[in-house]
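K.L.:
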Amino acid sequence: MFKHPKIKILANRGLLVIIPRIVVAAFIILQILGMVFYPGGTIHNNTTVGYSFTENFFSDMGTHTAYNGEPNFLSMGIFIISLTLCGLTFAVYYFALPQFFKSNVLNYRLAVFGTIFSIGGSIGLIGTGLTPADVVLDPHIFFSNNIFYCFLVTALCYTIVIYRTDVIEKKYALGYGAFFIMIGLYVAVLEFGPPPRSSQVALVFQVITQKLIVVVFCSSIFFQTFGFSKILIENNYSKK
Numbered sequence: 002m003f004k005h006p007k008i009k010i011l012a013n014r015g016l017l018v019i020i021p022r023i024v025v026a027a028f029i030i031l032q033i034l035g036m037v038f039y040p041g042g043t044i045h046n047n048t049t050v051g052y053s054f055t056e057n058f059f060s061d062m063g064t065h066t067a068y069n070g071e072p073n074f075l076s077m078g079i080f081i082i083s084l085t086l087c088g089l090t091f092a093v094y095y096f097a098l099p100q101f102f103k104s105n106v107l108n109y110r111l112a113v114f115g116t117i118f119s120i121g122g123s124i125g126l127i128g129t130g131l132t133p134a135d136v137v138l139d140p141h142i143f144f145s146n147n148i149f150y151c152f153l154v155t156a157l158c159y160t161i162v163i164y165r166t167d168v169i170e171k172k173y174a175l176g177y178g179a180f181f182i183m184i185g186l187y188v189a190v191l192e193f194g195p196p197p198r199s200s201q202v203a204l205v206f207q208v209i210t211q212k213l214i215v216v217v218f219c220s221s222i223f224f225q226t227f228g229f230s231k232i233l234i235e236n237n238y239s240k241k
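Going by our numbering, the sequence shown opens with residue 2, and the numbers climb by one from there.
1) If we ignore side chains and look at the alpha-carbon of each, how far apart do Ala97 and Phe149 end up?
2) Is Pro99 buried or exposed, if buried means 16 or more other CB atoms sit within 10 Å of its CB?
3) Is it buried or exposed, Val216, if we count other Cβ atoms within 10 angstroms and call 16 or more buried?
4) Determine whether the beta carbon atoms of Val190 and Phe180 lie at a separation below 9 angstroms.
5) Starting from Phe181, trace the alpha helix (DSSP H) in both directions and tell me its first and last residue.
6) For Thr50 and Gly122, I'd like the C-alpha separation in whole angstroms.
7) Hey, Phe91 and Leu126: beta-carbon distance below 9 angstroms or not?
8) When the distance is taken between beta carbons, is Tyr95 closer than 9 angstroms to Thr160?
9) Determine the DSSP secondary structure at Pro197, reduced to helix, strand or coil.
10) Leu86: which of Cys158, Ser230 and Arg22 sits nearest, CA to CA?
11) Straight-line CA distance for Val188 to Gly178?
12) Any idea if Glu192 is buried or exposed, counting beta-carbon neighbours within 10 angstroms, 16 or more meaning buried?
13) Check each candidate in Ala112, Glu71 and Cys151 and name the one with the smallest Cα separation from Ile120.
14) Taking the Cβ atom as the reference point for each residue, do Val162 and Leu111 lie within a distance shorter than 9 angstroms?
15) Could you tell me if Phe74 is buried or exposed, where buried requires 16 or more neighbouring beta carbons within 10 angstroms of its beta carbon?
16) Looking only at its own chain, which residues have a Cβ that is under 7 angstroms from the Cβ of Gln211, when we skip the five neighbours before and after it?
17) Going residue by residue through the region 55-127, where are the continuous alpha helix (DSSP H) segments of at least 4 residues, counting only ones entirely within it?
18) Can you tell me whether DSSP reads Ala26 as helix, strand or coil?
Encoded structure:
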């Protein structure tokens with residue numbers, strides 16, 4: 002499937018460089034807007050006004066009703082749009098990548114394996130947006146956690162592939178390796194960290210670590226686009 006001639010159409014600068022950069026920037030802007038319009042309230046305090054950067058998760062913006070009891074439709078809508086954009090963009094982005102490594106069987110298979118998990122992570126992004134935590138908590142947790150479980154595998158696969166190949170500079174393997182380590186640490190926090198409802202300190206810890214991994218995620222995607230942009234320019238890949 003990943004070797005089909007039509008898939009090569011996806012290997013162009015628009016889909017692999019420009020659109021991912023725009024979507025990452027749009028995601029950041031939309032998150033800021035969502036924070037601005039979030040009415041208020043946290044897990045431990047329903048009297049706070051507005052969004053707290055250290056006490057509100059990103060997912061709080063996607064709830065049907067804010068913790069202070071007010072309707073949260075505007076922030077929820079922005080949250081859904083931002084995650085859906087990211088999910089669709091990352092799915093297409095990773096779907097196109099394996100063809101760059103098809104000259105080596107092992108690299109190609111690892112890339113395909115990583116891409117399969119990236120699509121799972123992309124579905125997790127969309128699913129997280131479409132499942133408000135205050136309405137359907139268990140599905141929301143399932144989707145949100147699997148974003149990181151899936152992209153952990155993706156990051157490992159592409160770290161190995163880029164390290165082994167001559168198609169792209171080795172510095173991008175270091176970037177992916179750092180991405181893998183950071184996601185691994187965050188998965189450890191998800192598995193073994195203190196539950197956010199257990200205390201105020203635990204909530205702040207979980208919220209801040211979530212913010213950090215999202216920054217790492219966005220930075221990683223943005224950084225990767227420079228590597229593939231160079232490949233496309235040097236080889237005129239999309240016109241072959």
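For each residue, glycine too, the CB sits at the ideal point set by N, CA and C. Source: prediction; values computed, not measured.
P.N.:
Let me lay it out:
1) Reading the sequence shown from its first residue, position 96 is the one you call residue 97. Reading the sequence shown from its first residue, position 148 is the one you call residue 149. Between Ala97 and Phe149, the C-alpha separation is close to 21 angstroms.
2) The residue labelled residue 99 in the question sits at position 98 within the sequence shown. Counting other Cβ atoms within 10 Å of its Cβ, Pro99 reaches 16 or more and is therefore classed as buried.
3) Here residue 216 corresponds to residue number 215 of the sequence shown, with the count starting at 1. It counts as exposed.
4) The residue you call residue 190 lines up with position 189 of the sequence shown. The residue you call residue 180 lines up with position 179 of the sequence shown. Against a cut-off of 9 angstroms, the Cβ pair of Phe180 and Val190 comes out as no contact.
5) Counted from its first residue, the sequence shown places residue 181 at position 180. Per DSSP, Phe181 belongs to the alpha helix (DSSP H) from Lys172 to Phe193.
6) Position 49 of the sequence shown, counted from the first residue, corresponds to residue 50. Position 121 of the sequence shown, counted from the first residue, corresponds to residue 122. Per the sequence shown, residue 50 should be read as Val rather than Thr. The alpha-carbon atoms of Val50 and Gly122 are separated by roughly 33 angstroms.
7) Sequence index remark: in the sequence shown, residue 91 carries index 90 (1-based). Sequence index remark: in the sequence shown, residue 126 carries index 125 (1-based). A contact, by the Cβ cut-off of 9 angstroms.
8) To locate residue 160, count along the sequence shown from 1; it is residue 159. To locate residue 95, count along the sequence shown from 1; it is residue 94. In this structure, Thr160 lies away from Tyr95, with their beta-carbon atoms at least 9 angstroms apart.
9) For the purposes of this step, residue 197 is taken as residue 196 along the sequence shown, with counting starting at 1. Under the three-state reduction of DSSP output, Pro197 falls in the coil class, being neither helix nor strand.
10) Position 85 of the sequence shown, counted from the start, is the residue given in the question as residue 86. For Leu86, the closest alpha carbon among the candidates Cys158, Ser230 and Arg22 is that of Arg22.
11) Stepping through the sequence shown from its first residue, residue 188 is reached at position 187. Stepping through the sequence shown from its first residue, residue 178 is reached at position 177. Going from the Cα of Val188 to the Cα of Gly178 covers about 15 angstroms.
12) Translated into the one-based positions of the sequence shown, residue 192 becomes position 191. By the neighbour-count criterion, in which a residue is buried when 16 or more other Cβ atoms sit within 10 angstroms of its Cβ, Glu192 is exposed.
13) Position 119 of the sequence shown, counting from 1, holds the residue named residue 120. The shortest CA-to-CA distance from Ile120 to any of Ala112, Glu71 and Cys151 is the one to Cys151.
14) The residue labelled residue 162 in the question sits at position 161 within the sequence shown. The residue labelled residue 111 in the question sits at position 110 within the sequence shown. Result yes, Cβ atoms of Val162 and Leu111 sit closer than 9 angstroms.
15) In the sequence shown, residue 74 corresponds to position 73, counting from 1. Its Cβ having fewer than 16 others within 10 Å, Phe74 is exposed.
16) Position 210 of the sequence shown, counted from the start, is the residue given in the question as residue 211. Taking C-beta separations shorter than 7 angstroms and ignoring five residues to either side along the sequence, the partners of Gln211 in its chain run Phe58 and Phe59, following chain order.
17) Here the runs fully enclosed are 74-97.
18) Position 25 of the sequence shown holds residue 26. Three-state result, Ala26: helix.
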